[in-house]
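Data block below; observations after.
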Amino acid sequence: MKKPSFLSVLIGTGFGSGFSPVAPGTAGALLATLVWFGLSFLISEVCLIWLTVVLVPLFTAAGIWAANRLEPYWGEDPSRVVVDEMVGVWIALLAAPSGSVWYALGAFALFRLFDIFKPLGIRRMEKFPGGIGVMMDDILAGIYSFVILIIIRCLIV
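Residue numbers for the sequence shown follow our numbering, so the first one is 4 and each next one is one higher.
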């Protein structure tokens, strides 16, 4: 049997974080959170927001492509494919102030809770075929997390 392409594995596994033997989805979301948090100290808040806004659709498209390429080898919605978790947590992090460890942790925790328990229609998103179904539940989990963080920010300020 032919092996999947290196690029689809690299993207799909979130640069290898999906090969974590324990909680690969959490490892992918954690990597994305750490990348965002590190960038928050290197670039301005406006640049960070715009970079995140660019990364979300870019990695969504790349994730759909990668998941479609990997499913024939690894099965439907394989646990090693974590690019969807990366996109979801980046959506949640759009509500976090640059450099705020507490909001970054909150975005990460809220996203993982929504992703694990899949309430409010998130589970239905998995019914979409192929890579779209792989990505959509995490996108919706990210949107719900974003909304909650925005509400928290409005109540605190």
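Backbone N, C-alpha and C fix where the C-beta goes; we use that ideal spot for every residue, glycine too.
Owing to the predicted nature of the structure, the values given are computational and were not obtained by experimental measurement.
Worksheet item: Going by other Cβ atoms of all chains shown within 10 Å of its Cβ, with 16 needed for buried, is W93 buried or exposed?
Response: buried
Worksheet entry | Three-state secondary structure assigned by DSSP to D80 | coil
Practice prompt. Can you grab the Cα-Cα spacing for the pair S20 / I155, in whole Å?
Written response: 30 Å
Discussion item. Quick test of your reading: V59 and A70, contact by CB under 8 Å. State the CB separation rounded to the nearest angstrom.
Written reply: In this structure V59 does not touch A70 by the C-beta definition: roughly 16 Å separates them, more than the 8 Å allowed.
Practice prompt. For the region 89-149, list the beta strand (DSSP E) runs that are entirely contained and at least 3 residues long, ordered along the chain.
Written response: none
Worksheet entry | Reduced DSSP secondary structure (H/G/I, E/B, other) of S20 | helix
Worksheet entry | Rounded separation between E48 and I135 - CA only | 30 Å
Practice prompt. Return helix, strand or coil for S47, following the three-state DSSP convention.
Written response: coil
Item to complete: Count the other C-beta atoms from every protein chain shown that fall within 10 angstroms of the C-beta of S82, then say buried if there are 16 or more, exposed otherwise.
Response: exposed
Discussion item. Does G17 pass the burial test, meaning 16 or more other C-beta atoms within 10 Å, or should it be called exposed?
Written reply: Answer is buried; the Cβ neighbour count reaches 16.
Fill in: the region 97-115 / the region 33-40 touching (three or more Cβ pairs under 8 Å)
yes
Discussion item. Starting from S11, trace the alpha helix (DSSP H) in both directions and tell me its first and last residue.
Written reply: Note, S11: alpha helix (DSSP H), F9 to G15.
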